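> Residue numbers (the working numbering): 1317 to 1468.
1. Mind checking who residue 1433 pairs with in its DSSP beta bridge?
2. Could you tell me whether the Cβ atoms of residue 1394 and residue 1364 are closer together than 9 Å?
3. Using the rule of at least 16 other Cβ atoms within 10 Å of the residue's Cβ for burial, across every protein chain shown, is residue 1334 buried or exposed?
4. For residue 1415, write down the residues that DSSP places opposite it in a beta bridge.
5. How many whole angstroms separate the CB atoms of residue 1419 and residue 1439, which I take to be in contact at a CB cut-off of 8 Å?
6. Which residue wins for smallest C-alpha separation from residue 1387, given the options 1328, 1374, 1398?
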């Protein structure tokens, strides 16, 4: 298995984390650092701010177009399901892979997320090491393995 140092250097991916829990944000940042992930992590803390980032409004007017979105479902203002639906019904955004990263293991949340065209659904592990490994695997798959369109 290749290590992060073995990977060819490519243009860093822009990753948008939509997460209102400071602890989960910190663990995600640690996963990026521990895996030597050179990608750029942008963080927004609620559904409205996520839409502002994606539509480049207000303080996010200069935001880059993300290559990958890590989306929590349980968010203030607009919940993750509403954000996912907006992304996947917008022709300018629907090509961006969205990984639902949430504490919910409820079958209805999983089904609804896939019906709204989530690219993957990952239940957040409680254990720090497992959480970090999950983030690394998501990054490895969606940024290193899968070929994604580049639109800025």
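Note that CB positions come from ideal geometry on N, CA and C, so glycine has one too.
Small disclaimer: the values here were computed from a predicted structure and weren't measured.
With the structure as the only source:
1. None, per the DSSP bridge assignment.
2. yes
3. buried
4. 1386, 1436
5. 7 Å
6. 1398
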